[in-house]
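A.B. asks: Have a look at this one.
Residue numbers (the working numbering): 1 to 259.
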């Protein structure tokens, strides 16, 4: 196979390629089982929760369950009526809801951080009307200690970063900045790697195009018009510079604008 385009058709093709190669697709809650021939599907919802429902519906129609990690302190307002409806819709489609915690907004004191984690989980459980057992850090590339990636057994929570760091039999691939870092995804699906388990981290908001577009064109023409003015400023001032300079975007494999 080839690396998929960042379109809805490309995403559908990716799902089909995974299953045709004999892999099962499971949510993050299945990570501790360490089942062979398995792809654990993780979605970090960084930019908009309402825009990702179409992807959740596509997956549900294909009989797939994924884990959607939701920010409580991000660009979108999870308490807005539209956001709550989107989160509950995603859950109703058979997916899991996890907490995408952002340590930039957290106390440095560990005891206070633990308390904040409990509070955010409780809030997200109330919003989603479901149990939240999975957590993962937002923007780890910015550095800083991740309190919650080392004591999974004690907390009873599932943190995919813990397994990424400690499980040598697990591959990790992300579409950060709407680009692939290398062709690991292709090699895994084509069974050219020793590992038979993959954690695939995709950001659903990045796959909504109907034709091939460069990441910046997509940001400016597709994502920016779909959000409020305050979020548009965040896209222009924060997201765009990261996409232009982040290692994944500069050296990875991304889409080009169709002529």
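C-beta: ideal position from N, C-alpha, C; glycine also.
Tell me which residue opens and which closes the beta strand (DSSP E) that residue 200 is part of.
C.D. replies: Its beta strand (DSSP E) spans residues 197–202.
A.B. asks: Tell me which residues share the same chain as residue 124 and place their Cβ nearer than 7 angstroms to its Cβ, disregarding the 5 neighbours each side in the sequence.
C.D. replies: Excluding residues within five positions, the ones whose Cβ falls inside 7 angstroms are 70, 72, 97, 99 and 132.
A.B. asks: Just the C-alpha distance for residue 209 and residue 51, rounded to the nearest angstrom, thanks.
C.D. replies: Rounded to the nearest angstrom, the two C-alpha atoms are 12 angstroms apart.
A.B. asks: How many angstroms separate the CA atom of residue 231 from the CA atom of residue 45?
C.D. replies: The alpha-carbon atoms of residue 231 and residue 45 are separated by roughly 14 angstroms.
A.B. asks: To the nearest angstrom, how far is the alpha carbon of residue 248 from that of residue 193?
C.D. replies: Their backbone Cα atoms lie some 21 angstroms apart in a straight line.
A.B. asks: By how many angstroms is the C-alpha of residue 8 removed from the C-alpha of residue 54?
C.D. replies: Going from the Cα of residue 54 to the Cα of residue 8 covers about 9 angstroms.
A.B. asks: Tell me which residues share the same chain as residue 11 and place their Cβ nearer than 6 angstroms to its Cβ, disregarding the 5 neighbours each side in the sequence.
C.D. replies: For residue 11, where only same-chain residues beyond five positions count, the Cβ hits under 6 angstroms are 207.
A.B. asks: Can you tell which of 177, 25 and 183 has its C-alpha closest to the C-alpha of residue 203?
C.D. replies: Nearest option by C-alpha distance: 177.
A.B. asks: DSSP three-state call for residue 269: helix, strand or coil?
C.D. replies: It is not possible to answer for residue 269, since the shown part of the chain is limited to 1 through 259.
A.B. asks: What is the DSSP secondary structure of residue 209, counted as helix, strand or coil?
C.D. replies: Looking at residue 209 - three-state DSSP - the assignment turns out to be strand.
A.B. asks: Using the C-alpha atoms, what's the distance from residue 61 back to residue 90?
C.D. replies: Cα to Cα, residue 90 sits roughly 12 angstroms from residue 61.
A.B. asks: Using the Cα positions of residue 148 and residue 107, report the straight-line distance between them to the nearest angstrom.
C.D. replies: Their Cα atoms are separated by approximately 13 angstroms.
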